[in-house]
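Undergrad:
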Amino acid sequence: MAHNQDAASQSPDRKTRMLAPDAEGINVAAALLRAGSLVAFPTETVYGLGADARDDAAVAGIYAAKARPSFNPLIVHLPDLDAVRTIAQVGPAAEALAAAFWPGPLTLVLPVTPASGLSRLVTAGLETVAVRVPAAPLAQELLRAAAIPVAAPSANPSGRISPTHAAHVMQGLEGRIDAVLDGGACAVGVESTILDVTGPPMLLRPGGLPAEVLEAALGAPLARLPDHQPDRPSAPGQLTSHYAPNARLRLNAQAPRTGETLLGFGPVEGAVLNLSRNADLVEATANLFAMLHKLDTPEVTTIAVSPIPDHGLGTAINDRLTRAAAPRA
Ligand code: TXA
Ligand code: MG
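For the sequence shown, our numbering assigns the number 72 to the initial residue and increments by one for each residue that follows.
1) For alanine 91, I'd like the list of residues in its chain whose CB is within less than 7 Å of its CB, leaving aside the five on either flank, ordered along the chain.
2) In terms of residues, what are the limits of the alpha helix (DSSP H) holding threonine 356?
3) So, under 8 Å CB-CB, leucine 189 and arginine 125 are touching, yes? Tell me the CB distance rounded to an integer number of Å.
4) By alpha-carbon positions, which one of Thr329, Asn317, Gly335 and Gly330 ends up nearest to asparagine 323?
5) Please confirm whether leucine 280 and glycine 383 have their CB atoms less than 8 Å apart.
6) Under the criterion of a Cβ to heavy atom distance below 7 Å, does serine 225 qualify as lining the ligand TXA?
7) Considering only residues of the same chain and omitting the five flanking positions on each side of glycine 385, which have a CB-CB separation below 6 Å?
8) Give me the Cα-Cα distance between isoleucine 219 and alanine 195, rounded to the nearest whole angstrom.
9) Near aspartate 381, which residues of its chain fall below 6 Å by C-beta distance, leaving aside the five closest residues on each side in sequence?
10) If the criterion is Cβ atoms closer than 8 Å, does the pair valine 371 and threonine 329 meet it?
11) When you compare each of Ala169, Glu340 and Met89 to proline 113 by their alpha carbons, which one comes out closest?
12) Excluding five sequence neighbours on each side, which residues of the same chain lie with their C-beta closer than 6 Å to the C-beta of glutamate 354?
13) The beta strand (DSSP E) spanning histidine 148 covers which residue range?
14) On the CB-based measure, 16 or more other CB atoms within 10 Å of its CB, does glutamate 212 come out buried or exposed?
15) In chain order, what residues of the same chain lie with their CB nearer than 8 Å to the CB of alanine 306, ignoring the 5 residues before and after it?
16) Can you tell me whether arginine 391 is helix, strand or coil according to DSSP?
17) Using the DSSP secondary-structure output, state which residues sit across from aspartate 267 in a beta bridge.
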């Protein structure tokens, strides 16, 4: 199949197929990816919007469908460490982290190999590439069937809440992408933790694998980015306002004020939805984006959110909530 669209002019009028999580659905999804089409697929973190990472037009299609600012480099998804070695240089630190945590919700930034064949749109012209080996069985099967590196940001319009169900993907991108492989709910619920291992390991984004777990495995504290500068992309490409619902957000709310809708955590009174009544951070992470989606109706003007402990997965939850609450451009 040849490219039949100019990526820059993708109109929101193509037919988006919902593919079942069976052998046929996987084969169709893999064939579409190999043909340069855009396919959303479930990982254990969030749904990704996949495209052939070697194909400039296909990758440009991701940016067009999401309306994503083009300075953000994309994560490349592969089925295992051996496949990663074909595009990136895997040093001793990466080797050890891969053995401990792949497949799983950890993305490593590595030096890209000269013969990687990756589109420059994926790396945004950097000498490094972010790679991830997802654990979700459907993602594994798809990546093996496609047998190509798959670039995939979260499958939502840029700046909106990340999708943890196929229906969320359809709400945001129907008519702009070719297919969604429906794998039900994502088990983890926030994006992967991103670690730059081109030098001393540095945490670029808190996520589904807690920083404390990585620090315990490495036996040393992680380097961290300097504090966020509002609405300036930091190293590289994270806007402060991100993951935003239409409603306003008020964080660390002890109780809802008049007119607010409370998203609870722990045994709080008056919550419309509760991320985890038992104050379980794993459960809260898995519920985060789905509950924000559910509460984000035109009638809701402000979502108040209970305090979330700032350790383990709570760090990733607070990172996403802080971005969602940040002033919008
Ligand atoms: O869980 C996830 O990671 C999801 C699922 C779909 O796998 N994917 C995801 O991808 O969140 P994306 O494209 O939204 O994440 C891209 C982020 C960039 O904003 C940037 O912070 C970082 O990954 N990144 C990508 N390439 C990088 C590089 N070469 N150096 C530093 N950071 C990089
Ligand atoms: Mg995203």
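Note that the Cβ used here is the ideal one computed from N, Cα and C, for glycine as well. Keep in mind it's a predicted model, so treat the numbers as computed, not measured.
TA: With the given structure in hand:
1) Indexing the sequence shown from 1 puts residue 91 at position 20. Answer for alanine 91: Asp253, listed in chain order.
2) Residue mapping note: residue 356 aligns to position 285 of the sequence shown, counting from 1. Segment 352-366, the alpha helix (DSSP H) holding threonine 356.
3) Start at 1 with the first residue of the sequence shown, and residue 189 comes out as number 118. Start at 1 with the first residue of the sequence shown, and residue 125 comes out as number 54. Right, the Cβ-Cβ distance comes to about 6 Å (below 8 Å), so this counts as a contact.
4) Reading the sequence shown from its first residue, position 252 is the one you call residue 323. When each option's Cα is compared against that of asparagine 323, the closest is Gly335.
5) Indexing the sequence shown from 1 puts residue 280 at position 209. Indexing the sequence shown from 1 puts residue 383 at position 312. In this structure, the beta-carbon distance from leucine 280 to glycine 383 does not fall below 8 Å.
6) To locate residue 225, count along the sequence shown from 1; it is residue 154. Within the cutoff, so yes.
7) Residue 385 sits at position 314 when you count from the first residue of the sequence shown. Only Leu352 and Ile379 meet the Cβ criterion.
8) The residue labelled residue 219 in the question sits at position 148 within the sequence shown. The residue labelled residue 195 in the question sits at position 124 within the sequence shown. So the two alpha carbons sit approximately 19 Å from each other.
9) Here residue 381 refers to the residue found at position 310 of the sequence shown. The beta carbon of aspartate 381 lies closer than 6 Å to those of Asn389 in the same chain, with the five residues before and after it left out.
10) Taking the sequence shown and counting its residues from 1, the one referred to as residue 371 is at position 300. Taking the sequence shown and counting its residues from 1, the one referred to as residue 329 is at position 258. Not in contact: valine 371 and threonine 329 (Cβ atoms no closer than 8 Å).
11) As a first step, residue 113 is located in the sequence shown; it is residue number 42 there, counting from the start. Out of Ala169, Glu340 and Met89, Met89 has the C-alpha closest to the C-alpha of proline 113.
12) What you label residue 354 is simply residue 283 of the sequence shown in a count that begins at 1. Closer than 6 Å at the Cβ level, and outside the excluded window around glutamate 354, lie Ser347.
13) Residue 148 sits at position 77 when you count from the first residue of the sequence shown. It spans 146-148 - the beta strand (DSSP E) in which histidine 148 sits, taken as one unbroken run.
14) As a working note, residue 212 is residue 141 in the sequence shown. With a 10 Å radius around the Cβ and a threshold of 16 neighbouring Cβ atoms, glutamate 212 comes out buried.
15) For the purposes of this step, residue 306 is taken as residue 235 along the sequence shown, with counting starting at 1. Unreliable placement is indicated for alanine 306, whose pLDDT of 41 sits below 50; the coordinate value is still reported in the next sentence. So the qualifying residues of the chain are Leu275 and Leu296.
16) Here residue 391 refers to the residue found at position 320 of the sequence shown. Helix.
17) For this step, residue 267 is matched to residue 196 along the sequence shown. Under DSSP, aspartate 267 shares a beta bridge with Val180 and Met273.
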